[in-house]
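**Q** Start counting the sequence shown at 139; every next residue gets the next number (the working numbering).
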Amino acid sequence: MTDGVTDEPAATAAASPASEQIYYSEKYFDEQYEYRHVMLPRELLKHVPKTHLMSEEEWRSLGVQQSLGWVHYMIHEPEPHILLFRRPRSKDEQK
139 MTDGVTDEPA
149 ATAAASPASE
159 QIYYSEKYFD
169 EQYEYRHVML
179 PRELLKHVPK
189 THLMSEEEWR
199 SLGVQQSLGW
209 VHYMIHEPEP
219 HILLFRRPRS
229 KDEQK
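Structure below.
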């Protein structure tokens with residue numbers, strides 16, 4: 139879908155004011171994974187699926203911006219607006 143004026147893609151959640159309110163935690167670690175949580179503004183909650191973990195395409199469509207390798211790995215039911223991500227630590231980091 140284009141905006142009809144410039145043939146550029148139409149605006150998505152990434153350009154919305156709600157996506158500007160996304161909070162990214164500091165990273166935290168265990169021996170195997172690097173973790174972070176992302177807190178969405180409540181108005182984006184209606185776009186978060188309740189039945190499955192989100193693919194990278196799905197969470198990016200909400201405006202979440204992270205480097206490659208992050209996986210949405212758990213749903214925290216009491217607070218579904220908080221997305222939990224992890225990615226494997228490199229071999230050098232695993233100790």
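Just so you know, even glycine gets a beta-carbon here, dropped at the ideal spot from N, CA and C.
Below 8 angstroms on the Cβ atoms is my guess for ARG225 versus PHE167; work out the distance and round it to an integer in Å.
**A** The pair is not a contact, with the Cβ atoms about 11 angstroms apart (cut-off 8 angstroms).
**Q** Compute the distance between the beta-carbons of LEU221 and HIS185, then report whether it is under 8 angstroms.
**A** Taking 8 angstroms as the Cβ cut-off, LEU221 and HIS185 do not qualify as a contacting pair.
**Q** Which term fits HIS214, buried or exposed, when burial requires 16 or more other beta carbons within 10 angstroms of its beta carbon?
**A** HIS214 is exposed by the Cβ-count criterion.
**Q** If you draw a straight line from the alpha carbon of LEU196 to that of GLU169, how long is it in whole angstroms?
**A** For clarity, residue 196 is Glu in the given sequence; the question names Leu instead. Answer to the nearest angstrom: the Cα atoms are 28 angstroms apart.
**Q** Considering Cα atoms alone, identify which of HIS219, PHE223, GLU217, LEU191 is closest to LEU206.
**A** For the residues HIS219, PHE223, GLU217, LEU191, the minimum Cα distance to LEU206 belongs to PHE223.
**Q** Could you say which of HIS210, GLY201, LYS229 lies nearest to TYR256 if we only look at CA atoms?
**A** Residue numbering for the chain in the displayed model covers 139 to 233; residue 256 lies beyond these limits and cannot be assessed.
**Q** Could you name the residues of the same chain whose beta carbon sits closer than 7 angstroms to that of THR150, not counting the 5 residues immediately before and after it, in chain order?
**A** Residue placement at THR150 cannot be trusted, given a pLDDT of 44 that sits under 50; the coordinates are not used to answer.
**Q** Which residues does DSSP pair with GLU194 in a beta bridge?
**A** Note: GLU194 sits in no beta bridge, so no partner.
**Q** Per DSSP, what kind of secondary structure is GLU217 in: helix, strand or coil?
**A** Note: GLU217 maps to coil in three-state DSSP.
**Q** Going by other Cβ atoms of all chains shown within 10 Å of its Cβ, with 16 needed for buried, is HIS210 buried or exposed?
**A** So HIS210 ends up on the buried side.
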